[in-house]
Amino acid sequence: MTEVTHAWHSETDLVGIPHSRIVGIGRNPRNKCALQPGHSLMDWIRLGNSGKDLTGVGVQAGHLAITPTELAKHNKLSDAWLSIRGRVFNITAYLPFHPGGPEELMRGAGKDATSLFEEVHPWVNYESILQKCFVGHLVPLSPSKDAEKLFSAGVNSSSFKQKTIEVQTAVDDLLGIGDIEPTPIDEETRLPKFDWLQKTSEISIFFHTTPLANPLLEIKNQENTIGVNLCYENRTFMNELVFLKHVQWPCDIKLNHEAGKIECTLKKTVGEVWNNYGVLKQQSKVFASFSARNKISYVVHNKIQIASNVFLLELDRTDGVKMVVPIGYHVRVFLESEDKDFCRSYTPVPPSILSHMAPQKQNAGKLWLMVKRYPNGKMSKYVCDALKGDILKLSKPLFGGLLLSDLEKKEIFLMLAAGTGITPMLSLIIFLLERRVRKTQSVRLVFCNRKLKHIPFKQQFEDLSVSDSRFVVEHILSDPDEDWQGKKGHITKEIIQANIDAQLFGSNYPKLDLHVFICGPLPFNELCVELLTDLDIRKEQMHVFQG
40 MTEVTHAWHS ETDLVGIPHS RIVGIGRNPR NKCALQPGHS LMDWIRLGNS
90 GKDLTGVGVQ AGHLAITPTE LAKHNKLSDA WLSIRGRVFN ITAYLPFHPG
140 GPEELMRGAG KDATSLFEEV HPWVNYESIL QKCFVGHLVP LSPSKDAEKL
190 FSAGVNSSSF KQKTIEVQTA VDDLLGIGDI EPTPIDEETR LPKFDWLQKT
240 SEISIFFHTT PLANPLLEIK NQENTIGVNL CYENRTFMNE LVFLKHVQWP
290 CDIKLNHEAG KIECTLKKTV GEVWNNYGVL KQQSKVFASF SARNKISYVV
340 HNKIQIASNV FLLELDRTDG VKMVVPIGYH VRVFLESEDK DFCRSYTPVP
390 PSILSHMAPQ KQNAGKLWLM VKRYPNGKMS KYVCDALKGD ILKLSKPLFG
440 GLLLSDLEKK EIFLMLAAGT GITPMLSLII FLLERRVRKT QSVRLVFCNR
490 KLKHIPFKQQ FEDLSVSDSR FVVEHILSDP DEDWQGKKGH ITKEIIQANI
540 DAQLFGSNYP KLDLHVFICG PLPFNELCVE LLTDLDIRKE QMHVFQG
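Numbering (this note's numbering), first residue to last: 40 to 586.
Written as structure tokens, this is what we have:
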């Protein structure tokens, strides 16, 4: 018995190609083809989940840059590709599953079918139906481009492991990555997945890393080309994108750490719909740790006093590179002299702390440093006394030992901070309270300072505890004024135990589920570790921030 399938939606019956453009005169565009047994939509889904390679290009799938000339070669029933919105799919395996029949779908084979698709069925979820057929991206071929290089390799997957996607450009030098040795891309080295969306007035590009990768992100603009540099999982991924038409700089950046999603949006110079985004070139290299001595120039844009002898400095990169610092990373500030250079580590703080602890907007290209001025502190006086317009030399962000993936299965957190040791906790608090996949149940902060006037962001912490009951802060002052009603003295085993008890009370969490962050002067850190150990908190449950 012949099986007839339903369309994916009541208003659609083929992917990407409206019947109004491809059916003959007098034919009903809603007619569907009688499919052979075993070729229903559910059968197609089963085939896609079977592990069979439906792209025909092996491990290169999703990474190829396909020119219109190359696309045109794949226009036969035995080898059919089509492009929709810049994404190229191998539809060969799907042809017998198509409700409208293979001959209708073949009308778009070897072509860019975007305009046909957009005219009648722009809402069709073609990506879901053809996700296992995704070959790569369609790229326009300008006279200055080499087609052989744009189409990065042949479709013989057996030879792919010996090939390297490598494009040396000026962007490499601007981002400081030109001296890293390229390595072959294999199945264990996946380039970040790329996607794009557009409105008439703007274009958004997306890169997808692994979840919780916590990448260092740098974006450099050069005429109509942007270089997107991502460092994570011991590799550096360089992405160079030449836009089809002119865009305006700077860009807006959103980064979802939990999903591993990076979004970069730019305004179009001329508001119109593009047929394609342009040309994307990607390469992967073994990550060479940035030297802590490499210096980047920042100009002091603003300085605010936020507590007694504590200043918040807003710094702008002078080279125009937009950068997002990974959570838990720190930078070093250099004081140069004729005979010796001095440096000290500081953890950048999120800009949203200035108003309230809300989901942070990525104001890339800027850094906010919170620094306490000590009368005898050579470095702290140098930084805090800097004036608007002064130049400071900083290192690139340096890894501090924190892996967000280690926190994935944790839901309750205790933070022990002293003085400016609060800085690495700020981005963490926002991240933990923003989590959606595995929602954080409790974040408890014990914050030690000398006097009330020394507490930075006190009002912001109080506002956050009111707006989000999962966050609780307890202040401890070692030298309080007489009217202080809170805890007095120093951190003790009893104080820590009381906070742990309060955190676990009424929950089903055992003490083993608790994760503790510690940051402050070295004696404070050592004491906290000792007290926690006495309370049967294991070393693997603790993370101590050290610059």
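Where a beta carbon is used, it is the ideal one built from N, C-alpha and C, also for glycine. Note that the structure is a prediction, hence the values are computed from the model and not measured.
**Message:** Taking CB distances under 7 angstroms as the criterion, tell me whether Thr106 reaches chain D.
**Reply:** Structure shown: chain D not included; a single protein chain is present.
**Asked** Should Asp358 and Lys405 be called a contact, given that it needs their Cβ atoms to be closer than 7 angstroms?
**Response** By one-based count along the sequence shown, residue 358 stands at place 319. By one-based count along the sequence shown, residue 405 stands at place 366. Against a cut-off of 7 angstroms, the Cβ pair of Lys405 and Asp358 comes out as no contact.
**Request:** Evaluate contact between the stretch 337-344 and the stretch 298-306, counting only Cβ atoms and requiring at least three cross-stretch pairs below 8 angstroms.
**Result:** no
**Asked** How many Å lie between Val410 and Phe233 at the Cα?
**Response** One-based indexing of the sequence shown puts residue 410 at position 371. One-based indexing of the sequence shown puts residue 233 at position 194. The alpha-carbon atoms of Val410 and Phe233 are separated by roughly 38 angstroms.
**Request:** Take every Cβ of the stretch 450-458, pair it with every Cβ of the stretch 377-384, and state whether three or more of those distances are shorter than 8 angstroms.
**Result:** no
**Asked** Could you give the C-beta distance for Asn278 and Leu319, rounded to a whole number, given that I count them as a contact under 8 angstroms?
**Response** To locate residue 278, count along the sequence shown from 1; it is residue 239. To locate residue 319, count along the sequence shown from 1; it is residue 280. Their Cβ separation, rounded to whole angstroms, is 7 angstroms, which keeps Asn278 and Leu319 in contact under 8 angstroms.
**Request:** Inspect the beta-carbon positions of Lys448 and Ser347 and report whether they are closer than 7 angstroms.
**Result:** Looking up residue 448 in the sequence shown gives position 409. Looking up residue 347 in the sequence shown gives position 308. No, Cβ-Cβ distance for Lys448 and Ser347 is not below 7 angstroms.
**Request:** Pull up the DSSP beta-bridge partners for Thr264, would you.
**Result:** Along the sequence shown, read from residue 1 onward, the residue named residue 264 stands at position 225. According to DSSP, Thr264 bridges with Gln261, Val281.
**Item:** Those runs of the alpha helix (DSSP H) which lie wholly inside the stretch 363-438 and span at least 4 residues
**Value:** 417-423
**Request:** Using DSSP bridges, identify the partner residues of Ser481.
**Result:** For the purposes of this step, residue 481 is identified with residue 442 of the sequence shown, where counting begins at 1. Per DSSP, Ile451.
**Prompt:** How is the alpha helix (DSSP H) around Cys567 delimited, first residue to last?
**Reply:** Here residue 567 corresponds to residue number 528 of the sequence shown, with the count starting at 1. Where Cys567 is concerned, the enclosing alpha helix (DSSP H) stretches over 561-573.
**Asked** Using 8 angstroms as the threshold, is the stretch 141-156 in touch with the stretch 110-129, meaning 3 or more CB pairs across them?
**Response** yes
**Request:** Check whether the stretch 418-434 touches the stretch 495-509, counting contact only when three or more Cβ pairs, one atom from each stretch, lie closer than 8 angstroms.
**Result:** no
**Item:** Coil, strand or helix - Asp234 by DSSP
**Value:** The residue you call residue 234 lines up with position 195 of the sequence shown. Asp234: strand per DSSP, three-state reduction.
**Item:** Cutoff 6 angstroms; reference Glu142; Cβ partners in own chain excluding five residues on either side
**Value:** Position 103 of the sequence shown, counted from the start, is the residue given in the question as residue 142. There are no such residues.
**Prompt:** For Ser466, is the classification buried or exposed, using 16 other Cβ atoms within 10 angstroms of its Cβ as the cut-off for buried?
**Reply:** Here residue 466 refers to the residue found at position 427 of the sequence shown. Ser466 comes out buried.
**Message:** For a minimum of 4 consecutive residues, which ranges assigned as the alpha helix (DSSP H) are wholly contained in the stretch 529-560?
**Reply:** 532-543
**Prompt:** Thinking just about the alpha-carbon of each residue, which of Arg474, Ile105, Asp522 is nearest to the one in Lys490?
**Reply:** The count along the sequence shown starts at 1 and reaches residue 490 at position 451. Comparing Cα positions, the closest option is Asp522.
**Request:** Look at Ile451 and Asp518 and say whether their C-beta atoms are less than 7 angstroms apart.
**Result:** One-based indexing of the sequence shown puts residue 451 at position 412. One-based indexing of the sequence shown puts residue 518 at position 479. Result no, Cβ atoms of Ile451 and Asp518 do not sit closer than 7 angstroms.
**Request:** Decide if Leu169 is buried, meaning its Cβ has at least 16 other Cβ atoms within 10 Å, or exposed.
**Result:** Position 130 of the sequence shown, counted from the start, is the residue given in the question as residue 169. When all chains shown are included, Leu169 counts as buried.
**Message:** Taking only three categories from DSSP, how would you classify His493?
**Reply:** Against the sequence shown, residue 493 aligns to sequence position 454. In this structure, His493 counts as helix in the three-state DSSP scheme.
**Request:** Determine which residues share a DSSP beta bridge with Ala456 and list them.
**Result:** Against the sequence shown, residue 456 aligns to sequence position 417. Its beta-bridge partners are Phe486, Cys558.
**Item:** Strand pairing of Asn129, partner residues [DSSP]
**Value:** Translated into positions along the sequence shown, residue 129 becomes position 90. Answer by DSSP bridge pairing, in chain order: Trp120.
**Request:** For Gln344, I'd like the list of residues in its chain whose CB is within less than 6 angstroms of its CB, leaving aside the five on either flank, ordered along the chain.
**Result:** Working through the sequence shown from its first residue, we reach residue 344 at position 305. The residues are Phe350.
**Assigned secondary structure, Ala111 (DSSP; H/G/I helix, E/B strand, else coil)** = Mapped onto the sequence shown, residue 111 falls at position 72. The answer is helix: DSSP assigns Ala111 an H, G or I state.
**Prompt:** If you draw a straight line from the C-alpha of Leu443 to the C-alpha of Ile335, how long is it?
**Reply:** As a working mapping, residue 443 is identified with position 404 in the sequence shown. As a working mapping, residue 335 is identified with position 296 in the sequence shown. When rounded, the distance between both Cα atoms is 26 angstroms.
**Request:** Inspect the beta-carbon positions of Asn114 and Cys172 and report whether they are closer than 7 angstroms.
**Result:** For the purposes of this step, residue 114 is identified with residue 75 of the sequence shown, where counting begins at 1. For the purposes of this step, residue 172 is identified with residue 133 of the sequence shown, where counting begins at 1. Not a contact, by the Cβ cut-off of 7 angstroms.
**Item:** DSSP three-state assignment for Ile576, whether helix, strand or coil
**Value:** Against the sequence shown, residue 576 aligns to sequence position 537. Three-state result, Ile576: coil.
**Prompt:** How should Ser323 be labelled, buried or exposed, when 16 other C-beta atoms within 10 angstroms of its C-beta is the threshold for buried?
**Reply:** Residue 323 sits at position 284 when you count from the first residue of the sequence shown. The residue is buried, with at least 16 neighbouring Cβ atoms inside 10 Å.
**Item:** Residue nearest to Thr462 in terms of C-alpha spacing, selected from Pro231, Lys478, Ile392
**Value:** Translated into positions along the sequence shown, residue 462 becomes position 423. Closest by alpha carbon: Ile392.
**Request:** Apply the 10 Å Cβ neighbour rule to Ser89 and answer buried if 16 or more other Cβ atoms are within range, or exposed otherwise.
**Result:** Counting from one through the sequence shown, the residue named residue 89 turns up at place 50. It counts as exposed.
**Request:** Starting from Glu473, follow its DSSP beta bridges and name the residues at the other end.
**Result:** In the sequence shown, counting from the first residue as 1, residue 473 sits at position 434. Answer by DSSP bridge pairing: none, since Glu473 is not bridged.
**Asked** Taking just the CA atoms, how far does His582 sit from Pro414?
**Response** The residue you call residue 414 lines up with position 375 of the sequence shown. The residue you call residue 582 lines up with position 543 of the sequence shown. Cα to Cα, the separation comes out at about 30 angstroms.
**Asked** Quick one, which of Asn488, Thr531, Phe470 has its alpha-carbon nearest Gln480's?
**Response** Within the sequence shown, numbered from 1, the residue matching residue 480 stands at position 441. Out of Asn488, Thr531, Phe470, Phe470 has the C-alpha closest to the C-alpha of Gln480.
**Request:** Excluding the 5 residues preceding and the 5 following Lys526 in the sequence, name in chain order all residues of the same chain whose CB lies nearer than 6 angstroms to its CB.
**Result:** Taking the first residue of the sequence shown as position 1, residue 526 is located at position 487. Ile515.
**Asked** Quick one: what does DSSP say Leu319 is sitting in, helix, strand or coil?
**Response** For the purposes of this step, residue 319 is taken as the residue at position 280 of the sequence shown. DSSP places Leu319 in strand when its eight states are reduced to three.
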